[in-house]
Amino acid sequence: MDTSLCANSCGFFGSAVNKNLCSKYYNDYLKLEAITKSIEGLTLNCEKTVSSAPPNLSNSSVTASASAGAFLKKKNRCKNCNKKVGLTGFECRCGDVFCGRHRYPEEHACKIDYKELGRQVLIKQNPMIDGDKLQWRV
Numbered sequence: 001m002d003t004s005l006c007a008n009s010c011g012f013f014g015s016a017v018n019k020n021l022c023s024k025y026y027n028d029y030l031k032l033e034a035i036t037k038s039i040e041g042l043t044l045n046c047e048k049t050v051s052s053a054p055p056n057l058s059n060s061s062v063t064a065s066a067s068a069g070a071f072l073k074k075k076n077r078c079k080n081c082n083k084k085v086g087l088t089g090f091e092c093r094c095g096d097v098f099c100g101r102h103r104y105p106e107e108h109a110c111k112i113d114y115k116e117l118g119r120q121v122l123i124k125q126n127p128m129i130d131g132d133k134l135q136w137r138v
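According to full-length UniProt numbering, the sequence shown is numbered sequentially starting from 1.
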């Protein structure tokens, strides 16, 4: 095994497989290399995106998409009693947020069929096992 001191003169031994670097500096080298490759990939993607952008893009379409994001209401109130829930709100599978009193499906008349969901999970987890038809075989 060919061992020599680290190329960065840290005092540890490096190997030819690791470009004469110790494990610490070799890991740093790999991270730096990965970052530079990702940056090169991003710059290539950006250049392709800019070159393929339509030239007739107007300011009104950009503002329309920004205003559409402003109309999205933050869910911080209970759907049933309109009580502020903040961080303690419970999100149901139906997609609404409820307070502690209305968090259970039977309390807020949830439209999700939990029994059918449970049946589907049991069917997936417990496949049907058929016995052998020939009893004489052991």
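The beta carbon of each residue, even a glycine, is placed where N, CA and C say it ideally should be.
Practice task
Determine the burial state of residue 64: buried for a count of at least 16 other Cβ atoms within 10 Å of its Cβ, exposed for fewer.
Solution key: Only weak support exists for where residue 64 lies, its pLDDT of 48 falling under 50; the value from the coordinates is given anyway. Counting Cβ neighbours within 10 Å, residue 64 comes out exposed, since fewer than 16 surround it.
Practice task
Could you spell out where the beta strand (DSSP E) holding residue 144 opens and where it closes?
Solution key: Missing from the structure shown is residue 144; the chain here goes from 1 to 138 and no further.
Practice task
Give the straight-line distance between the Cα atoms of residue 11 and residue 37, rounded to the nearest whole angstrom.
Solution key: 30 angstroms
Practice task
Assign residue 62 to one of three DSSP states: helix, strand, or coil.
Solution key: Bear in mind that a pLDDT of 49 at residue 62, under 50, signals an unreliable position, so the model cannot answer this.
Practice task
Could you give the DSSP three-state label for residue 106: helix, strand or coil?
Solution key: coil
Exercise for the section: For residue 3, write down the residues that DSSP places opposite it in a beta bridge. Expected result: 15
Exercise for the section: Could you have a look at residue 128 and say whether DSSP puts it in helix, strand or coil? Expected result: coil
Problem - C-beta atoms of residue 93 and residue 112 nearer than 9 angstroms - result: yes
Practice task
Tell me, please, which residues DSSP counts as bridged to residue 33.
Solution key: Paired residue(s): none; residue 33 is not in a bridge.
Practice task
Spell out the partners DSSP gives residue 152 in its beta bridges.
Solution key: The structure shown does not extend to residue 152, since the chain is modelled only from 1 through 138, so no value can be given for it.
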